[in-house]
Structures are given as structure tokens and as C-alpha cells.
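**Student:**
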Amino acid sequence: MIPYGRQDITQADVDAVLDVLQSDFLTQGPMVPRFEQSVARHVGASHAVAVNSATSALHIACLALGLGPGDRLWTSPITFVASANCGLYCGATIDFVDIDSCTYNLCPQALERKLEQAEREGTLPKVVVPVHLCGQPCDMAAIHALSQRYGFKIVEDASHAIGGKYRGEFIGNCRYSDITVFSFHPVKIVTTAEGGMALTNDLELANRMNLLRSHGITRDPVQMTCESDGPWYYQQIDLGFNYRMTELQAALGVSQMERLDQYVARRHHLARRYDELLAGLPVTTPWQHPDSYSGLHLYVIRLRRDKLDKSHRQVFESLRERGIGVNLHYIPVHTQPYYQRMGFLPGDFPQAESYYREAISLPMFQTMTESQQNQVIAALREVLT
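In this text, residue positions in the sequence shown follow numbering that gives the first Met the number 0: the first is 0, and each later residue adds one.
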């Protein structure tokens with residue numbers, strides 16, 4: 000089976016992890032700050048806070064921005080559930096903004112219309128979470144301009160997008176957002192096995208997220224409410240979480256970051272080749288906005304159902320039967336039973352639902368060979384024609 004995604008672990012990665020295993024620190028040592036500095040320096044952000052998952056990063060990002068009961072968070076319905084759940088963890092109310100039919104990202108025009116209505120009704124969001132689906136950035140300049148007009152904060156969910164660029168600058172520099180979140184899950188562009196990171200240019204937000212990732216505990220005398228009792232002393236000054244990243248994960252991340260640009264370039268080569276080889280088949284290939292340089296975590300095609308005599312499910316299952324590990328990213332969050340119990344209904348976000356009925360994620364990973372890609376294309380031709 001050719002998987003839809005696969006990590007690339009080299010001997011250098013193995014050696015980096017072994018070095019940590021043989022060191023004095025398995026957690027809370029020098030490697031986590033080194034990884035944070037590596038990512039922040041690469042993307043051009045001032046501060047980085049490494050955690051054990053992107054879900055944790057989204058959670059502490061929302062908390063750092065003051066999201067809580069009575070507030071609202073809006074995001075895209077085409078995303079993993081964590082992009083919305085992070086608001087629920089804070090006690091906020093969740094809503095969605097439909098996607099753009101070309102990029103599959105949160106649509107700025109739909110956002111503007113929804114904001115205009117929310118302003119009239121007194122239901123404006125406190126936080127908006129644009130999701131850079133497949134690695135292609137949202138139209139962040141437009142979303143940022145709306146944030147200035149309507150007063151909401153922005154958390155970029157860039158879980159798919161490390162190594163990508165928007166308007167010639169690396170995603171993660173937070174030029175158009177308060178906080179950006181990356182994921183380092185094994186199928187992502189670089190991996191730490193599990194892990195995530197929140198980046199910001201705001202020192203106060205960085206300090207707040209640092210505190211929240213480790214039980215709300217500080218050893219900094221400046222943050223304490225009274226004089227320290229001695230060198231052993233610490234204080235819990237907030238209710239935080241055990242969201243820390245280990246030294247082992249960070250060592251793997253540092254090693255992987257050395258190949259980030261190479262990985263993304265390889266994915267672009269594969270995407271161009273897919274574009275060429277899929278020409279003439281009844282599918283829509285991914286459209287790339289000229290302002291973007293996608294991280295290309297995923298390569299999603301949409302079936303042209305009007306030109307097929309097979310259903311979406313039949314095509315998907317036929318590809319799996321031929322050893323092609325296709326997947327689907329994502330089931331619209333508002334159609335999940337948990338969210339339907341909140342009152343969301345089928346038909347609420349028609350572009351997202353149309354996308355779901357047609358989308359298939361083809362295999363895309365940096366070590367994928369052209370021979371494997373040819374197998375994917377051959378299976379598609381057999382199934383679709």
C-alpha cells in the first residue's frame with residue numbers, strides 16, 4: 000500500500016535522538032529551546048513555544064488571547080476537529096465560515112458577510128482561526144484587514160503549512176496574525192513523532208503560553224507574588240497543563256528542520272508532476288493562489304462527478320483495493336454528531352459540503368518516488384476511465 004503520507008527518518012535523526020538518550024536530560028533540557036529557536040529563526044517570528052501537539056498549541060493560544068465563556072471562535076468547517084475544539088476547551092461558542100471554492104480555505108468574502116451580520120446582532124467573534132488547508136495559506140491580508148475593522152484576534156492554524164510562504168514570506172512570521180500554530184505529527188512535513196508549536200511576535204503572549212504549557216508554574220522571581228524561599232522554590236500562579244515537549248522530540252525536530260526546504264521543494268516537484276499526469280482525467284487538480292507557495296502537506300483532487308458513472312465512495316474504495324492509500328481531508332466539522340447536537344445542520348456551509356462529496360487526498364510525501372507516483376496515476380486511470 001502506498002500511504003497518503005509518510006515520515007522520513009534518516010540516520011542523522013536517529014543519531015540526534017540517541018545523543019539525547021545518552022545525555023542528562025530527557026525532558027526540560029537545552030534541546031527544546033534549540034528547536035524553538037530553529038523554527039522561529041527559519042520563519043521569522045520573535046518567539047516560539049514548543050508543546051506536545053498542535054492541539055495543545057491551539058488551546059494555549061486561545062487561552063493566552065483571553066478566550067473564555069461568553070466569547071466566540073470562528074474557523075473553517077474543512078479542517079481537523081481540533082481547530083474548533085480548542086475554543087470549546089476554553090468554554091467559548093463555536094461557529095464556522097464557509098470555504099472558498101478554489102483554495103478550500105476559509106473564504107474572506109464569506110467572513111466579511113458573516114461579520115457584518117454578527118456586528119448587527121452583537122455576536123462578533125473574539126478569535127478567528129484560519130486554516131491553511133493542504134499547506135496553502137489563506138488570504139491573510141484580507142482576513143487581517145477585517146480583524147482591524149471588527150476587533151477579533153487571529154490564530155493561524157498552519158498545521159499543514161510549515162515551509163510554505165505567503166506573499167514571499169514564510170508562513171509563521173505572524174505578520175497578519177497574533178499567533179501561528181504548527182504541527183509535527185508523523186505525516187506532516189517535518190515530524191517530532193508528536194508535537195506542535197505556537198509562534199508569536201508578542202512577548203506577553205509568549206510568556207503566557209510558556210506558563211500555560213507547564214502547569215501554570217514559574218521559577219521566575221519577577222512573576223512570583225512574594226519573595227522566593229530559596230533555590231528550590233516555585234509558584235503556581237495560574238491553572239496550566241502538562242503540555243511540554245520532550246527533549247527526544249525536540250532533537251528529532253532540530254534534525255528534521257535542516258531538510259525542511261528540501262522537503263517542500265520535493266513536494267512541489269511531485270505536485271507539478273501530478274498536475275501534468277492528471278490532465279485529461281475527470282478530476283479537478285489543486286489550484287494555487289499566486290500569492291502563495293504551499294507547504295503541500297496534501298495533494299487533494301476533486302472528482303468531476305458529472306463526468307463519472309461511479310460514486311465518490313466507489314472511486315475511493317477502488318483505489319484502496321489497488322494499493323493506493325488515499326484519504327479524505329476532511330469531514331466538515333459541523334456535520335459531526337457532537338457539533339450537530341449544538342444545532343448545526345447539513346446545508347449550513349454548502350461549499351464545504353460540496354467539497355466533501357468530491358475530495359480525495361492522493362499520496363504525497365517527500366520520499367515518494369516517481370515510480371510510486373506512476374502507480375497512483377495508473378490506478379486512477381483504471382478506476383476513472
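Beta carbons are placed, not taken as given, at the ideal position from N, Cα and C, and that holds for glycine.
Values in this document were obtained by computation on a predicted structure and should not be read as measured data.
Just curious, the alpha helix (DSSP H) that D274 is in, first and last residue?
**Tutor:** 259-276 is the extent of the alpha helix (DSSP H) around D274.
**Student:** Output yes or no for whether 9 angstroms exceeds the beta carbon distance between C106 and Q350.
**Tutor:** It is a contact, given that the beta carbons lie within the stated cut-off.
**Student:** Looking at A205: is its Cβ nearer than 9 angstroms to the Cβ of A49?
**Tutor:** Result no, Cβ atoms of A205 and A49 do not sit closer than 9 angstroms.
**Student:** Closer than 8 angstroms is the cut-off here; do at least three beta carbon pairs connect the segment 332-348 with the segment 76-84?
**Tutor:** Taking 8 angstroms as the limit for Cβ pairs, the verdict is that the segment 76-84 does touch the segment 332-348.
**Student:** Would you kindly work out how many angstroms separate the C-alpha atoms of I161 and Q255, rounded to a whole number?
**Tutor:** Distance between the alpha carbons of I161 and Q255: 12 angstroms.
**Student:** Helix, strand or coil for V375, going by three-state DSSP, please let me know.
**Tutor:** In this structure, V375 counts as helix in the three-state DSSP scheme.
**Student:** Measure the alpha-carbon distance for A140 versus V127 and round it to whole angstroms.
**Tutor:** One C-alpha to the other measures close to 14 angstroms.
**Student:** Excluding five sequence neighbours on each side, which residues of the same chain lie with their C-beta closer than 7 angstroms to the C-beta of S293?
**Tutor:** The answer, listed in chain order, is C133, G134, Q135, G163, Q287.
**Student:** Pull up the distance between the alpha-carbon of Y165 and that of K187, whole angstroms please.
**Tutor:** In a straight line, the C-alpha of Y165 is about 19 angstroms away from that of K187.
**Student:** Using CA atoms only, rank isn't needed, just tell me which of D99, T190, I77 is closest to V38.
**Tutor:** Closest by alpha carbon: T190.
**Student:** Please report the distance separating the alpha-carbon of D276 from that of D99.
**Tutor:** With the sequence shown as reference, residue 276 is identified as Leu, and Asp is not the correct amino acid for it. So the two alpha carbons sit approximately 25 angstroms from each other.
**Student:** Considering only residues of the same chain and omitting the five flanking positions on each side of L307, which have a CB-CB separation below 6 angstroms?
**Tutor:** Result list for L307: P281, in chain order.
**Student:** Looking only at DSSP bridge pairs, what is A358 linked to?
**Tutor:** BP columns for A358 point to R301.
**Student:** Determine contact between the segment 206-225 and the segment 261-271, defined as no fewer than three beta-carbon pairs at a distance below 8 angstroms.
**Tutor:** At 8 angstroms Cβ cutoff, the stretches do not touch.
**Student:** Relative to the C-alpha of D389, which candidate in K152, M196, S158 has its C-alpha closest?
**Tutor:** Outside the shown range of the chain (0 to 384) lies residue 389, about which nothing can therefore be said.
**Student:** Specify the secondary structure class of G252 as computed by DSSP and reduced to three states.
**Tutor:** Helix, per DSSP.
**Student:** For M244, which of N326, T102, A197 has the nearest alpha-carbon?
**Tutor:** The residue with the shortest Cα to Cα distance from M244 is A197.
**Student:** Where do the ends of the beta strand (DSSP E) carrying F95 lie?
**Tutor:** First-last of the beta strand (DSSP E) with F95: 92-95.
**Student:** Please state the DSSP three-state secondary structure of M0.
**Tutor:** M0: coil per DSSP, three-state reduction.
**Student:** Under 7 angstroms Cβ to Cβ from Q222, same chain only, skipping five residues before and after it: list those, please.
**Tutor:** Closer than 7 angstroms at the Cβ level, and outside the excluded window around Q222, lie I236.
**Student:** Which residues does DSSP pair with Y175 in a beta bridge?
**Tutor:** DSSP output for Y175 lists no bridge partner at all.
**Student:** Specify, as a first and last residue, the run of the beta strand (DSSP E) that E203 falls within.
**Tutor:** Segment 202-211 is the alpha helix (DSSP H) holding E203; no beta strand (DSSP E) there.
**Student:** By DSSP, does K152 sit in helix, in strand, or in coil?
**Tutor:** Looking at K152 - three-state DSSP - the assignment turns out to be strand.
**Student:** Report buried or exposed for L379, applying the criterion of at least 16 other Cβ atoms within 10 angstroms of its Cβ.
**Tutor:** Classification of L379: buried, given that the 10 Å Cβ count is 16 or more.
**Student:** What do you get for L260, buried or exposed, if any count of 16 or more other CB atoms within 10 angstroms of its CB means buried?
**Tutor:** Sequence check: residue 260 is Asp here, not Leu. Looking at its Cβ environment, which holds fewer than 16 other Cβ atoms inside 10 Å, D260 is exposed.
**Student:** Run through DSSP, which three-state label would V48 get?
**Tutor:** DSSP places V48 in strand when its eight states are reduced to three.
**Student:** Report the start-end ranges of each beta strand (DSSP E) in the segment 105-149 that is 3 residues or longer and not cut off at the edges.
**Tutor:** Listed in chain order, they are 126-128.
**Student:** Taking the alpha carbon of D305 as the point to measure from, which residue in L251, E357, Q374 has its own alpha carbon closest?
**Tutor:** For the residues L251, E357, Q374, the minimum Cα distance to D305 belongs to E357.
**Student:** Using the C-alpha atoms, what's the distance from I59 back to F95?
**Tutor:** Rounded to the nearest angstrom, the two C-alpha atoms are 20 angstroms apart.
**Student:** Spatial neighbours of A11 within its chain, please: C-beta separation below 7 angstroms, excluding the five flanking residues on both sides.
**Tutor:** Within the same chain, A11 has close Cβ partners S254.
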